[in-house]
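Below is one structure, written out as structure tokens; comments come after it.
In our numbering, the protein residues as written are 1 to 292.
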């Protein structure tokens with residue numbers, strides 16, 4: 001009986017890992033195709049799409065497409081802009097949204113349910129419906145910079161960051177996670193004389209590793225893939241992010257090899273951030289003992 005049970009367990013593991021492996025291949029294939037295509041000239045790239053050669057480093061392999069991509073557009077500048085905008089937005093969003101969620105869950109104040117409902121209602125409003133009003137507001141807002149007081153946020157980093165610091169989805173994620181934390185911890189800390197700031201900083205946030213990683217990944221992807229808003233508010237090349245920079249490769253002569261090279265380059269920060277957050281996510285689960 002024990003042998004049969006062990007055999008069944010081994011068979012289930014084989015089936016499970018086989019299914020997971022196939023799912024992983026489905027996600028990896030587009031990345032492999034993109035990377036292999038970025039190393040081939042256009043004629044070979046298009047001909048190889050008819051066979052498995054599209055996923056293999058065969059034929060005329062070189063880095064010419066990468067050099068041509070840098071000659072066609074300031075790729076490094078676009079990646080730098082996107083990393084700066086996305087990184088600052090993610091950090092500020094985690095701070096603001098976690099603090100807001102803490103106030104909604106743990107602090108008792110009149111009207112909090114109504115305010116939370118209104119915030120969550122913004123999730124059903126498409127961004128396109130508020131883009132034009134937001135553009136008009138941003139074009140007239142004051143800004144105190146190194147050159148003194150100026151009006152209008154267009155062609156700047158702050159116009160790509162500040163409107164997206166707080167959002168309903170991130171607040172909702174923190175609210176749902178904080179609701180599952182044991183209330184006895186908060187009550188004990190308050191009885192011991194801890195302020196709300198101390199409870200937030202020393203008790204709640206150290207336990208929020210999984211939701212921090214989840215919210216950071218979702219926010220990073222949303223900001224890094226921004227296209228419509230930067231296209232509207234940034235006309236100067238100095239502040240353009242990677243998605244707007246993709247337009248350079250569809251002007252005049254379209255070179256698919258250069259496009260694949262550009263896409264491979266701008267994917268690197270996303271993969272690096274995801275791998276970093278994955279390690280942090282696993283470490284936070286191990287340290288806090290959160291499961292599921």
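No residue lacks a Cβ here, since even glycine has one placed at the ideal position from N, Cα and C. None of the values given here were measured: they were computed from a predicted structure.
- Message: Is the beta carbon of residue 232 closer than 8 angstroms to that of residue 98?
- Response: no
- Touching or not, the segment 262-281 and the segment 71-80, by the rule of three or more beta carbon pairs under 8 angstroms? yes
- Report the rounded CA-to-CA distance for residue 311 versus residue 85, giving the unit in angstroms. Not covered by the structure: residue 311. The range shown for the chain is 1 to 292.
- Message: Would residue 170 and residue 131 qualify as a contact pair, given that the criterion is a beta-carbon distance under 8 angstroms?
- Response: Residue 131 sits away from residue 170, with the two beta carbons spaced by 8 angstroms or more.
- Message: For a quick check, are the C-beta atoms of residue 301 and residue 142 less than 8 angstroms apart?
- Response: Outside the modelled stretch of the chain, which goes from 1 to 292, sits residue 301, for which no answer is possible.
- Message: What does the alpha-carbon distance come out to for the pair residue 18 and residue 187?
- Response: Residue 18 and residue 187: Cα-Cα distance of roughly 47 angstroms.
- Query: Does DSSP put residue 152 in a helix, in a strand, or in coil?
  - Reply: coil
- Message: Output needed for residue 293: all residues of its chain with C-beta closer than 6 angstroms, excluding positions within five of it in sequence on either side, in chain order.
- Response: The chain is shown only over 1 to 292; residue 293 falls outside these bounds and no answer can be derived.
- Task: Note down, in chain order, each residue of its chain lying with its Cβ closer than 6 angstroms to the Cβ of residue 274, except the 5 sequence neighbours on either side.
- Result: The beta carbon of residue 274 lies closer than 6 angstroms to none in the same chain, with the five residues before and after it left out.
- Task: Assign residue 36 to one of two classes, buried (16 or more other C-beta atoms within 10 Å of its C-beta) or exposed (fewer than that).
- Result: buried
- Item | Coarse secondary structure for residue 197, derived from DSSP in three states | helix
- What span of residues does the alpha helix (DSSP H) with residue 231 cover, start to end? 228-233
- Task: Kindly indicate if chain C contains any beta-carbon less than 8 angstroms away from that of residue 84.
- Result: Chain labels in this structure do not include chain C; a single protein chain is all it has.
- Task: Go ahead and label residue 271 buried or exposed: buried means 16 or more other beta carbons lie within 10 angstroms of its beta carbon, across all protein chains shown.
- Result: exposed
- Task: Report, in whole angstroms, the separation of the C-beta atoms of residue 168 and residue 228, which I expect to be a contact under 8 angstroms.
- Result: 19 angstroms between Cβ atoms; not a contact.
- Task: Could you tell me whether the Cβ atoms of residue 47 and residue 257 are closer together than 8 angstroms?
- Result: no
- Message: What would DSSP say about residue 256, mapped onto helix, strand or coil?
- Response: Correct three-state label for residue 256: helix.
- Query: Closest by CA to residue 208, which one among 176, 238, 249, 221?
  - Reply: 176
- Item | Straight-line Cα distance separating residue 243 from residue 267 | 11 angstroms
- Task: Could you tell me which of 82, 33, 25 sits nearest to residue 159, measuring between CA atoms?
- Result: 82
- Report the three-state DSSP secondary structure of residue 142 (helix, strand or coil). strand
- Message: Whole angstroms are fine: how far does the CA of residue 101 sit from the CA of residue 292?
- Response: Any reading at residue 292 needs caution, since the residue's pLDDT is 40, under 50, leaving its predicted position unreliable; the model's value is listed next. A direct Cα-Cα distance of roughly 21 angstroms separates residue 292 from residue 101.
- Where residue 124 falls: helix, strand or coil (DSSP): The three-state reading of DSSP puts residue 124 in helix, counting H, G and I together.
- Look up residue 292 in the DSSP assignment and say whether it is helix, strand or coil. Unreliable positioning characterises residue 292 in this predicted model, as indicated by a pLDDT of 40, which lies under 50. A coordinate reading is not provided.
- Since residue 179 and residue 96 are thought to touch, with beta carbons under 8 angstroms apart, how far apart are those beta carbons, to the nearest angstrom? Their Cβ separation, rounded to whole angstroms, is 19 angstroms, which puts residue 179 and residue 96 out of contact at 8 angstroms.
- Message: So, with DSSP's three-state summary, where would you put residue 44?
- Response: helix
- Message: Can you look up residue 251 in the DSSP assignment and give me helix, strand or coil?
- Response: coil
- Task: Put residue 61 into one of helix, strand or coil per three-state DSSP.
- Result: coil
- Message: Can you give me the C-alpha to C-alpha distance between residue 278 and residue 213, rounded to a whole angstrom?
- Response: 8 angstroms
- Distance, residue 40 Cα to residue 49 Cα: 12 angstroms
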